[in-house]
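Student:
Residue numbers (my numbering): 688 to 1307.
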């Protein structure tokens, strides 16, 4: 028998080492814990998610080499029953540091088969267990069948560098999310949320907690309340009160975990930072089927089911994100939990998580055209009118789109009495409706072609917008009664030329023509359905304008200005784009389509034919 601190030989039954004074525990001698060692601090397991950068756990740091390094432990060469945990560093903030009186920063732990006498008391004697052996370290675990699932009925105790060990043979280890993915033995896996949901339809908290810890443990799940490791305080908290174990679903910052609170008798599934330490409960992967997809909103750690319909992925639940101008039905908070929140239009446009957006009309129409209207997961949350009155709860599902109609906006809706029917209408923007976000960004990849004007050899870019193909720049063909803004040729190079209505009719290159009102309306309708609700911004270029656009469809509309023939002066460059239509309103006026600097629309209005404006051609 040897002293673990100094390696001196000990007499059989010795309580202290005569050489260094270290106290003996079982067959292992360790230093007594310092009198000032902090006790674990009780704290809620649902630690609020911070926007700050998650604390990264350091990798274990090996002791610096020296000619005659002093070992951390003087271990007798033949002591295979002893598992020595390497220290990271006395100043490290990894999982091995500062975990209170229950865990020493540098500790030796006695490894036993986890089905040995120490843990036997935590199993339900009235339940028949199976067993498996983890071939990686020969530890034995009991298994239990609950319904159609087979679970390992213990917390995992497979040693991974950053795992915390506190009475491992009973409580198992606490792992970061990333390490948890490596903790299960062959044939088993960390459960999905579907797996957990299936378990929780059968069992309440008390029915999953070990009888030794005052649960009923009706199914033999043998929940052992191992607590959790806090990355803020570097201690294990709530040991003996809660069992938290990781779930597969995650995003870059957060991951799901199950929290069984024995003291409250509650079970929750929520999201926390991945560098917390929780237990791992493994499930037989042959019995684990993940048919449901989930999304974790990093802003508030809320969890949403998602549904993929053809090429679209939607939130399968109404958004619950708190925001200004958002409401719970009848101003009652529990309704937000069940039905989601109701948002006014302007808020709805900005409230979707990163990587998601408010749908446009084309997105909604695709649900219908692809036959998914009857399978789309509706929540009939009703709405709130602009006077603050609520109506149609459990009767109608009303959702905003981005499509803007001035004081009103387009929404889509379905009725609980007419399953499979989706319609759209417009409503006052000050009203409040539910939000369903769709994944991905607006606007696809823009592909340009070109056309050559055989009159002067000028090459123009063209772009497809829906079923139409347009010149992606204004015409710059020099003919009689055309103008460069301020009579400056550089303006013609940048903006194209300005034409009277009669001149515009002959300005387009061969293979293209001056568009009609109907063709321009088709363009406007397409941009309205497929854009982000601001038609003008979707058309405007990303430069030159004071209020630049996003040029979503590649048309690169520029504020070329115009010429007033009566005043004989140029005006509105930098603030207005105006295009002639082929339609005549009367003898004096032609039809003009205008995009303004501050406006959100593409407006048609009559204008004197003698005035000069730009020309944008459409291919034949």
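Even glycine gets a Cβ: it sits at the ideal position worked out from N, Cα and C.
Straight-line CA distance for residue 1005 to residue 1047?
Tutor: Within the chain shown, the letter at position 318 stands for residue 1005. Within the chain shown, the letter at position 360 stands for residue 1047. Between residue 1005 and residue 1047, the C-alpha separation is close to 16 Å.
Student: Considering residue 1295, what are the terminal residues of the beta strand (DSSP E) in which it resides?
Tutor: Counting from one through the chain shown, the residue named residue 1295 turns up at place 608. Element bounds for residue 1295: 1290–1295.
Student: Check the C-beta distance from residue 1038 over to residue 1086 and give it rounded, since I have them as a contact under 8 Å.
Tutor: Here residue 1038 corresponds to residue number 351 of the chain shown, with the count starting at 1. Here residue 1086 corresponds to residue number 399 of the chain shown, with the count starting at 1. Incorrect: roughly 12 Å between the Cβ atoms, too far for contact.
Student: What are the start and end residues of the beta strand (DSSP E) that includes residue 1190?
Tutor: Position 503 of the chain shown, counted from the first residue, corresponds to residue 1190. No beta strand (DSSP E) contains residue 1190, which is instead part of the alpha helix (DSSP H) from 1188–1191.
Student: Are the segment 890–898 and the segment 960–975 in contact at 8 Å, needing three or more beta carbon pairs?
Tutor: Segments in contact, no.
Student: Considering only residues of the same chain and omitting the five flanking positions on each side of residue 1250, which have a CB-CB separation below 6 Å?
Tutor: In the chain shown, the residue the question calls residue 1250 occupies position 563. For residue 1250, where only same-chain residues beyond five positions count, the Cβ hits under 6 Å are 1170, 1185, 1257 and 1299.
Student: Given that a residue counts as buried once 16 or more other Cβ atoms are within 10 Å of its Cβ, and exposed if not, what is residue 728?
Tutor: Working through the chain shown from its first residue, we reach residue 728 at position 41. Its pLDDT being 31, under 50, residue 728 is placed unreliably in this model, and the value from its coordinates should be taken loosely. It is exposed - the Cβ of residue 728 has fewer than 16 other Cβ atoms within 10 Å.
Student: Buried or exposed: where does residue 1054 fall if 16 or more other Cβ atoms within 10 Å of its Cβ makes it buried?
Tutor: One-based indexing of the chain shown puts residue 1054 at position 367. That one is buried.
Student: Does the beta-carbon distance from residue 858 to residue 870 come in below 7 Å?
Tutor: The residue you call residue 858 lines up with position 171 of the chain shown. The residue you call residue 870 lines up with position 183 of the chain shown. Their beta carbons are not under 7 Å apart, which means residue 858 does not touch residue 870 by this criterion.
Student: Report yes if the CB atom of residue 1187 is closer than 7 Å to the CB atom of residue 1168, and no otherwise.
Tutor: By one-based count along the chain shown, residue 1187 stands at place 500. By one-based count along the chain shown, residue 1168 stands at place 481. Yes, they are a contact pair.
Student: Let me check understanding here. Comparing Cα to Cα, which of 1089, 864 and 834 lies closest to residue 906?
Tutor: Within the chain shown, residue 906 is the residue found at index 219, counting from 1. Among 1089, 864 and 834, the Cα nearest to that of residue 906 is on 834.
Student: Looking at the unbroken alpha helix (DSSP H) that takes in residue 1208, where does it start and where does it end?
Tutor: Here residue 1208 refers to the residue found at position 521 when the chain shown is read from its first residue. Note, residue 1208: alpha helix (DSSP H), 1204–1217.
Student: Note down the Cα distance separating residue 830 from residue 958, rounded to an integer number of angstroms.
Tutor: In the chain shown, residue 830 corresponds to position 143, counting from 1. In the chain shown, residue 958 corresponds to position 271, counting from 1. Roughly 27 Å between the two C-alpha positions.
Student: Please report the straight-line C-alpha distance between residue 1224 and residue 885, rounded to a whole angstrom.
Tutor: As a position in the chain shown, residue 1224 is number 537, starting the count at 1. As a position in the chain shown, residue 885 is number 198, starting the count at 1. Taking the straight line from one Cα to the other gives about 48 Å.
Student: With DSSP as the reference, please indicate the residues paired to residue 1063 in a beta bridge.
Tutor: In the chain shown, the residue the question calls residue 1063 occupies position 376. DSSP, once it has assigned bridges, lists no residue as partnering residue 1063.
Student: Among residues of its own chain, excluding the 5 on either side of residue 903, which ones have a beta-carbon nearer than 7 Å to its beta-carbon?
Tutor: Position 216 of the chain shown, counting from 1, holds the residue named residue 903. Excluding positions up to five away in sequence, the list reads 893 and 894.
Student: Less than 8 Å between the CB atoms is what I'm expecting for residue 1288 and residue 1278, so what's the real figure, rounded?
Tutor: On the chain shown, residue 1288 is found 601 positions in, with the first residue counted as 1. On the chain shown, residue 1278 is found 591 positions in, with the first residue counted as 1. Residue 1288 to residue 1278, Cβ: 16 Å. No contact.
Student: Use the C-beta contact count for residue 1088: other C-beta atoms within 10 angstroms, 16 or more gives buried, fewer gives exposed.
Tutor: To locate residue 1088, count along the chain shown from 1; it is residue 401. By the 10 Å Cβ count, residue 1088 comes out buried.
Student: Kindly indicate the opening and closing residues of the alpha helix (DSSP H) around residue 895.
Tutor: Translated into the one-based positions of the chain shown, residue 895 becomes position 208. First-last of the alpha helix (DSSP H) with residue 895: 892–895.
Student: Can you give me the start and stop residues for the beta strand (DSSP E) that residue 991 sits inside?
Tutor: For the purposes of this step, residue 991 is taken as the residue at position 304 of the chain shown. That run of the beta strand (DSSP E) goes 989–996.
Student: Whether or not the segment 1018–1030 and the segment 1107–1120 are in contact is what I'm after, with contact meaning three or more pairs of Cβ atoms, one per stretch, closer than 8 Å; do they touch?
Tutor: The segment 1107–1120 is in contact with the segment 1018–1030.
Student: Find the nearest neighbour of residue 882 within the set 981, 807 and 1197, judged by alpha-carbon distance.
Tutor: In the chain shown, counting from the first residue as 1, residue 882 sits at position 195. Closest option to residue 882, Cα to Cα, is 981.
Student: On the CB-based measure, 16 or more other CB atoms within 10 Å of its CB, does residue 1149 come out buried or exposed?
Tutor: For the purposes of this step, residue 1149 is taken as residue 462 along the chain shown, with counting starting at 1. Buried is the call here.
Student: For a test of the three-state rule: what should DSSP assign to residue 1161, helix, strand or coil?
Tutor: Working through the chain shown from its first residue, we reach residue 1161 at position 474. Residue 1161: coil per DSSP, three-state reduction.
Student: What's the gap between the Cα of residue 838 and the Cα of residue 901?
Tutor: One-based indexing of the chain shown puts residue 838 at position 151. One-based indexing of the chain shown puts residue 901 at position 214. Taking the straight line from one Cα to the other gives about 21 Å.
Student: What first and last residue would you give for the alpha helix (DSSP H) that runs through residue 1032?
Tutor: Within the chain shown, numbered from 1, the residue matching residue 1032 stands at position 345. Start and end: 1032–1035.
Student: Would you mind sorting residue 1304 into buried or exposed? The rule is 16 or more other CB atoms within 10 Å of its CB.
Tutor: Taking the first residue of the chain shown as 1, we reach residue 1304 at position 617. It is buried - the Cβ of residue 1304 has at least 16 other Cβ atoms within 10 Å.
Student: Pull up the distance between the alpha-carbon of residue 1194 and that of residue 1000, whole angstroms please.
Tutor: For the purposes of this step, residue 1194 is taken as the residue at position 507 of the chain shown. For the purposes of this step, residue 1000 is taken as the residue at position 313 of the chain shown. Looking at the two C-alpha atoms, the distance is approximately 45 Å.
Student: Starting from the Cα of residue 1297, find the closest Cα among 1290, 924, 1065 and 1254 and give me that residue.
Tutor: Residue 1297 sits at position 610 when you count from the first residue of the chain shown. Nearest of 1290, 924, 1065 and 1254 to residue 1297, Cα basis: 1254.
Student: May I have the straight-line CA-CA distance separating residue 1035 from residue 1127, to the nearest angstrom?
Tutor: Here residue 1035 corresponds to residue number 348 of the chain shown, with the count starting at 1. Here residue 1127 corresponds to residue number 440 of the chain shown, with the count starting at 1. In a straight line, the C-alpha of residue 1035 is about 16 Å away from that of residue 1127.
Student: Can you tell me whether residue 773 is buried or exposed? The criterion is at least 16 other CB atoms within 10 Å of its CB, across all chains shown.
Tutor: Translated into positions along the chain shown, residue 773 becomes position 86. Confidence is the limiting factor: at residue 773 the pLDDT is only 31, short of 50, which leaves the residue's position unreliable, though a coordinate-based value still follows. The residue is exposed, with fewer than 16 neighbouring Cβ atoms inside 10 Å.
Student: At a cut of 8 Å, does the segment 943–951 reach the segment 924–931 through at least three beta carbon pairs?
Tutor: The segment 943–951 is in contact with the segment 924–931.
Student: Counting pairs of beta carbons, one from the segment 990–999 and one from the segment 1054–1069, are three or more of them closer than 8 Å?
Tutor: They touch, by the three-pair rule.
Student: Within 10 angstroms of its Cβ, does residue 815 collect 16 or more other Cβ (buried), or is it exposed?
Tutor: On the chain shown, residue 815 is found 128 positions in, with the first residue counted as 1. Counting Cβ neighbours within 10 Å, residue 815 comes out exposed, since fewer than 16 surround it.
Student: Pick out the complete alpha helix (DSSP H) segments inside the segment 929–992, 4 residues or longer, and give them in chain order.
Tutor: Within the segment 929–992, no complete alpha helix (DSSP H) run reaches 4 residues.
Student: Skipping 5 residues on each side, what residues in its chain have a beta carbon closer than 8 Å to that of residue 822?
Tutor: As a position in the chain shown, residue 822 is number 135, starting the count at 1. Contacts found: 872 and 873.
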